[in-house]
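One structure is given here, and the rest of the page talks about it.
Numbering (my numbering), first residue to last: 1 to 537.
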């Protein structure tokens, strides 16, 4: 009861989630996972691509070439043999040279003082967004947060520039990326102005258009990103419609079967699909059909059991009601014999019914293995020969002439039970002078076994019905109720579970007279692999 309540609570929770959240849980998971993968690609394209590094390297090479050209012009036109550099003439030369708008050139003397700046020569100034105006009446003296950050950034940029110029004044060539006063980054190259071996100053070239170019590239990627996101969402919705919704339908159909509103899952539109979901649907339909067939068989078996048990119970009740009326004599002995016979019949019925009901569990519990059927039959027949009683029909085993082992794959215990049932059935029909013969033979890729007796045979119209449950047809003089009618039914069930078949036929002599019954069995032969034993042709 508690488990059922938990299942109902879980189903109710699923229904509430479906009510409040669009789509199914699996569909939302598909969309989320697809978007996560797409976002990783987008972040990689916007942040971790190699375009930025390639652009920076190209800018460094360009600035280095321009810087070497400008420094050579200044050395030729603004330096003397003293050696010294004419600051005014150097500034004029820097003014005369073409400096692109996106670049900035600055010239320093040997002391690190600024001599010329292309921004000042071209009347260009740095621009940045002003911080928001303070409210009326706000007399606080501290700087706004943006102003504080701007001052910090300017100080950092100035410090990095001074370090770069200082290295250049020592004769080193410096190239790299450093901070800008506006808070971004600039690509910078600093070269020494060197006459002979004397360093007379330093030239710094920088450009800040890398961030703008990267931003433009990102803006150019945005339409493709939006199209990729839309395509991902559409494909995710399509996957949800093709996968998650059918799975949800299967779950609901399974719930209907569990709640006994249906005997089997039936989803013809999904079963027609030529994919894994179609395979799953067909497998579930086959499974529920098999379960429904098994339930019907159990119901019929229960009805047959009730019918078979009712007969001896009715006989026992009638004998008990009659017993007080007969005080002594042969009549009382006959009633007691009937009671004993019906009790034995009930005991046999209960035993065989118990064996039949446990058969499926035993077949599924024991794993199949390969064994020699000839050895098994030889051992079974040996037990009958050792326990032969006076008046009983002897059992003889006829092995194949070649003497080769006949290997089959299955469960040795149930198959042995099949042959014991057939041998017991054959002995019960054999006359005292008769004999039961068990024979093995090859039949193509199969192994055949036959159990023959010398009895009256089986009526032609009953060659198939003898395998039905509780069917009995005994010869005259046989003890009533000595057979439950389940032996051959159990034998067929075991044989079919091993992919074999069993049938009944009559043996006839040359004149067409029935000389006995024959039960045949056929199993697939398990041929050994020569490579498994190291054999070579």
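A virtual CB, placed ideally from N, CA and C, is assigned to each residue, including glycine.
Bear in mind the structure is a predicted one, so any value in this text is a computation, not a measurement.
Buried or exposed (CB count within 10 angstroms, at least 16 for buried), residue i
| i | result |
| --- | --- |
| residue 517 | buried |
| residue 66 | buried |
| residue 523 | buried |
| residue 509 | exposed |
| residue 269 | exposed |
| residue 328 | exposed |
| residue 308 | buried |
| residue 63 | buried |
| residue 442 | exposed |
| residue 457 | buried |
| residue 432 | exposed |
| residue 116 | buried |
| residue 234 | exposed |
Nearest-angstrom Cβ-Cβ length linking residue i and residue j, presumed shorter than 8 Å
| i | j | result |
| --- | --- | --- |
| residue 427 | residue 449 | Contact flag wrong, Cβ pair sits at about 17 Å. |
| residue 236 | residue 34 | 5 Å |
| residue 263 | residue 292 | 4 Å |
| residue 405 | residue 374 | 6 Å |
| residue 183 | residue 153 | 5 Å |
| residue 78 | residue 60 | About 26 Å; that fails the 8 Å criterion. |
| residue 110 | residue 169 | 6 Å |
| residue 30 | residue 244 | 7 Å |
| residue 316 | residue 342 | 5 Å |
Residue i versus the options, residue with shortest Cα-Cα distance
| i | options | result |
| --- | --- | --- |
| residue 201 | 77, 314 and 85 | 85 |
| residue 440 | 377, 390 and 53 | 377 |
| residue 100 | 80, 286 and 206 | 206 |
| residue 455 | 419, 461, 515 and 160 | 515 |
| residue 241 | 341, 418 and 277 | 277 |
| residue 435 | 425, 442 and 444 | 425 |
| residue 314 | 197, 166, 332 and 345 | 345 |
| residue 38 | 58, 73, 231 and 164 | 231 |
| residue 91 | 199, 368, 159 and 118 | 118 |
| residue 541 | 211, 195, 349 and 339 | Lying before the first or after the last residue shown, residue 541 is absent from the chain, which here runs from 1 to 537. |
| residue 339 | 321, 213 and 351 | 321 |
| residue 199 | 83, 275, 68 and 325 | 83 |
| residue 487 | 348, 297, 507 and 511 | 348 |
Own chain partners of residue i with C-beta closer than 6 Å, once the 5 adjacent residues on each side are dropped
| i | result |
| --- | --- |
| residue 204 | 106 and 190 |
| residue 157 | 179, 180 and 181 |
| residue 519 | 422, 451 and 504 |
| residue 526 | 370, 407, 408 and 409 |
| residue 281 | 267, 270 and 271 |
| residue 173 | 191 |
| residue 547 | What the structure shows of the chain is the stretch from 1 to 537, and residue 547 is not part of that stretch, so it cannot be assessed. |
Straight-line gap, residue i to residue j (C-alpha atoms, nearest Å)
| i | j | result |
| --- | --- | --- |
| residue 312 | residue 253 | 44 Å |
| residue 400 | residue 336 | 50 Å |
| residue 238 | residue 55 | 40 Å |
| residue 387 | residue 370 | 29 Å |
| residue 423 | residue 451 | 7 Å |
| residue 19 | residue 41 | Only weak support exists for where residue 19 lies, its pLDDT of 44 falling under 50; the coordinates are left without a value. |
| residue 81 | residue 70 | 19 Å |
| residue 141 | residue 150 | Low confidence applies here, because residue 141 scores a pLDDT of 45, under 50, leaving its location unreliable; read the following figure in that light. C-alpha separation (whole angstroms): 17 Å. |
| residue 496 | residue 490 | 10 Å |
| residue 32 | residue 53 | 32 Å |
| residue 412 | residue 353 | 21 Å |
| residue 279 | residue 290 | 16 Å |
| residue 365 | residue 417 | 16 Å |
| residue 430 | residue 460 | 18 Å |
| residue 164 | residue 185 | 15 Å |
| residue 75 | residue 197 | 12 Å |
| residue 494 | residue 420 | 13 Å |
| residue 391 | residue 403 | 32 Å |
| residue 58 | residue 88 | 32 Å |
| residue 227 | residue 73 | 52 Å |
| residue 465 | residue 246 | 44 Å |
| residue 222 | residue 209 | 20 Å |
| residue 224 | residue 36 | 17 Å |
| residue 155 | residue 215 | 26 Å |
| residue 521 | residue 304 | 26 Å |
| residue 385 | residue 502 | 25 Å |
| residue 318 | residue 310 | 12 Å |
| residue 325 | residue 333 | 13 Å |
Sequence-distant residues of its chain with Cβ nearer than 7 Å to residue i (five each side left out)
| i | result |
| --- | --- |
| residue 114 | 106 and 108 |
| residue 437 | 396, 398 and 452 |
| residue 468 | 489 |
| residue 272 | 278 |
| residue 229 | 38 |
| residue 284 | 250 and 265 |
| residue 463 | 504 and 505 |
Near the ligand MN: residue i beta-carbon under 7 Å from a heavy atom
| i | result |
| --- | --- |
| residue 183 | The ligand MN is not part of the structure shown, which contains no ligands of any sort. |
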